[in-house]
Structures are given as structure tokens and as C-alpha cells.
Amino acid sequence: MTTLRISKRTRIGQWNVRTLIKPSRLAQLENEMDRMQIAIAGISEMRWSGKGATTTSQSNLVLHSGSSDGGRNGVGIYVSRKFKQTLISWNPVSDRIITARFRCNARHITIVQCYAPTEDASDEIKDDFYNALISSLNKVIRGDIKILMGDFNAKVGPNNTGLESTMGRHGIGTRSDNGDRLIDLCQTFQLVIGGTVFPHREVHKYTWTSPDGNTRNQIDHMCITTRATSGGNLPPTPATDIQPAGSTPATEAQPAGTDN
Numbered sequence: 001m002t003t004l005r006i007s008k009r010t011r012i013g014q015w016n017v018r019t020l021i022k023p024s025r026l027a028q029l030e031n032e033m034d035r036m037q038i039a040i041a042g043i044s045e046m047r048w049s050g051k052g053a054t055t056t057s058q059s060n061l062v063l064h065s066g067s068s069d070g071g072r073n074g075v076g077i078y079v080s081r082k083f084k085q086t087l088i089s090w091n092p093v094s095d096r097i098i099t100a101r102f103r104c105n106a107r108h109i110t111i112v113q114c115y116a117p118t119e120d121a122s123d124e125i126k127d128d129f130y131n132a133l134i135s136s137l138n139k140v141i142r143g144d145i146k147i148l149m150g151d152f153n154a155k156v157g158p159n160n161t162g163l164e165s166t167m168g169r170h171g172i173g174t175r176s177d178n179g180d181r182l183i184d185l186c187q188t189f190q191l192v193i194g195g196t197v198f199p200h201r202e203v204h205k206y207t208w209t210s211p212d213g214n215t216r217n218q219i220d221h222m223c224i225t226t227r228a229t230s231g232g233n234l235p236p237t238p239a240t241d242i243q244p245a246g247s248t249p250a251t252e253a254q255p256a257g258t259d260n
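In this text, residue positions in the sequence shown follow full-length UniProt numbering: the first is 1, and each later residue adds one.
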């Protein structure tokens with residue numbers, strides 16, 4: 001039985017790929033994951049239709065959850081061939097939310113990968129998304145480390161006054177409505193917004209770049225159970241783009257977690 005070991009650091013990341021409809025896009029994703037030694041990665045905007053689990057030609061595993069007709073939204077979780085035997089279960093919640101649970105030798109991990117509505121979406125659409133997300137987080141097995149990650153279209157900014165247990169002072173941008181919603185959620189479930197905790201060069205904080213290259217933001221986030229944040233840290237690592245806006249924040253951590 002394969003198990004994620006807490007004595008070994010494992011890289012977990014996420015990537016908004018814009019689309020994986022063309023087979024060449026999936027091959028490029030796999031090559032980038034291998035290059036950066038990513039064990040498990042959340043995927044946003046896959047645009048695949050339906051729900052399922054696909055073993056690729058390189059023997060990696062891709063779990064996916066999309067709309068019935070595809071062509072929009074879509075989320076997934078990539079599991080490298082070395083780690084796919086650690087998968088316990090998974091749940092394709094919607095074309096915006098997917099969850100997966102992984103076996104560790106101490107505390108198991110549940111990953112919740114998301115693709116949130118844009119800032120311009122109606123309150124009703126945002127409320128529906130966050131209600132579904134709350135429901136998914138409430139179903140996580142007690143004692144599991146929770147990793148909530150994805151494209152939240154959320155700017156949280158650097159001001160953490162009164163929020164010290166939820167975020168650090170190293171976010172960028174001006175906090176948005178989506179940012180407030182994400183912070184409230186993390187407070188409720190005792191999660192830390194990882195990209196705000198440690199100081200990094202400004203260029204390493206950006207997770208999204210507009211197609212013309214003129215606008216950059218930090219709108220993708222990785223949030224982890226508060227007690228598990230001592231596992232380690234790397235700055236977000238921009239990947240070679242599948243589409244011009246694509247990027248991957250990657251963190252090096254001990255997924256099983258320990259309380260120090």
C-alpha cells in the first residue's frame with residue numbers, strides 16, 4: 001500500500017490551464033509537472049465535459065469534473081504516477097469543485113480544488129458557489145489536513161489586521177469582494193492563505209497575467225489547515241504557459257502534517 005510519508009517533502013501545486021481540450025495541452029501539462037517534480041496538482045478551467053478518471057499515456061492520473069457539454073469551467077486533480085496509489089477516494093462535485101482524499105502515514109489529506117466565479121459575477125452565482133464549497137468542506141473527514149486551492153478570482157491584499165491567524169502581510173493588490181469571501185471561508189474552517197504568509201519577491205507573488213502581459217494579479221490561492229503550516233514553503237513558481245495566462249503556484253510541504 002503506497003503512502004505519502006511525512007519524512008519526505010512533496011510538492012503540491014495548482015494551475016489554471018485555460019483549456020485541456022486539445023491532447024497536446026495535456027501532454028504539455030504532464031511535462032511541466034514532471035519538470036517541476038509536482039506530485040499532485042489542482043487544475044482549473046480544463047473545459048472537459050462530464051466526470052471521470054483518466055490514466056494518461058505517461059501513466060499519470062487525471063480526475064476531472066466538468067459540465068455536461070464541456071467548453072467552459074471544469075476542474076481536475078492531477079496525480080503523478082508515483083503517487084496515484086495514495087488516492088483513497090474522490091468526489092466530482094460540480095464543474096467548479098472537485099475533492100480528493102489521499103493516504104498518509106499520519107494524518108490523511110483532503111484536497112479541494114476550485115474554480116470560482118469572476119469578480120463581476122452576480123451575488124447569486126457567488127453565493128451558490130460558496131454554499132457548495134462550504135458543503136464540501138463540511139464533509140471532510142475529521143482529523144484530515146485540508147488543502148483548499150484553485151483559481152478563486154480573489155485579491156486578498158496585504159492588510160491582515162485582525163486576521164493574523166488566517167493570512168499574512170505579504171498578499172498583493174486591493175482586497176476584492178471575492179477576497180472577502182475567501183477570507184471569511186478560511187476563518188470558518190481554520191485555514192491559512194499560504195501565499196500571504198512568507199515574504200517573496202513581488203514577481204514571484206503573481207499567479208495570473210493578462211494575455212497582453214500588462215496586468216498581473218494574485219488571484220489563485222492555496223489554503224491549508226492552520227496546524228499543518230509548518231511543513232515548508234516555496235514561492236509560487238510560474239510555469240511554462242499552456243495559454244498565456246497560465247501559472248502554477250507550487251508549495252513544498254509535508255502533506256501528512258505534524259503539530260509542532
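Glycine included, C-beta positions come from ideal geometry on N, C-alpha and C. Please read these numbers as outputs of a predicted model, since none were measured by experiment.
Query	Result
The stretch 158-174 touching the stretch 126-146, judged by at least three CB pairs closer than 8 Å	no
Span of the beta strand (DSSP E) around Met33	Looking at the DSSP string, Met33 is not in any beta strand (DSSP E); the run it does join, the alpha helix (DSSP H), is Pro23 to Arg35.
C-beta atoms of Thr54 and Ile145 nearer than 9 Å	no
At least 3 beta-carbon pairs within less than 8 Å: the stretch 152-162 vs the stretch 122-136	no
As assigned by DSSP and simplified to three states, the class of Asn217	strand
Straight-line Cα distance separating Ser59 from Ile219	31 Å
Inter-residue CB distance, Thr191 and Phe152 (contact presumed, cutoff 8 Å)	Thr is not the amino acid found at residue 191; the sequence shown has Leu there. Between Phe152 and Leu191 the Cβ distance is about 12 Å, and since that is not below 8 Å, they are no contact.
Residue environment, Ser165, which counts as buried when at least 16 other CB atoms sit within 10 Å	exposed
Collapsed DSSP secondary structure at Gly232 in the structure displayed	Residue placement at Gly232 cannot be trusted, given a pLDDT of 48 that sits under 50; what the coordinates show is reported in the next sentence. Gly232 falls in the coil class under three-state DSSP.
Limits of the alpha helix (DSSP H) - the one that Gly179 falls within	Asp177 to Thr188
For Asp95 and Asn73, believed in contact at Cβ under 8 Å, the rounded distance	4 Å
Of the residues Ala116, Ala121, Val112 and Arg81, the one placed nearest Ile141, counting alpha carbons only	Val112
Short Cβ contact (9 Å threshold) for Ile12 with Ile38	yes
Cut-off 7 Å between Cβ atoms - residues of its own chain near Glu30, not counting five sequence neighbours on either side	Thr56, Gln58 and Asn60
Buried or exposed by the 16-neighbour rule on C-beta atoms within 10 Å, applied to Lys155	buried
Identity of the residue in Met33, Ser68, Met36 and Arg35 nearest Trp48 by Cα	Ser68
Own chain, CB closer than 7 Å to Gln187, minus 5 neighbours either side, in chain order	Thr166
Own chain residues within Cβ distance below 6 Å of Leu20, not counting five before or after	Leu26 and Met46
Same chain, Cβ closer than 6 Å to Thr118, five either side skipped, listed in chain order	Asn153
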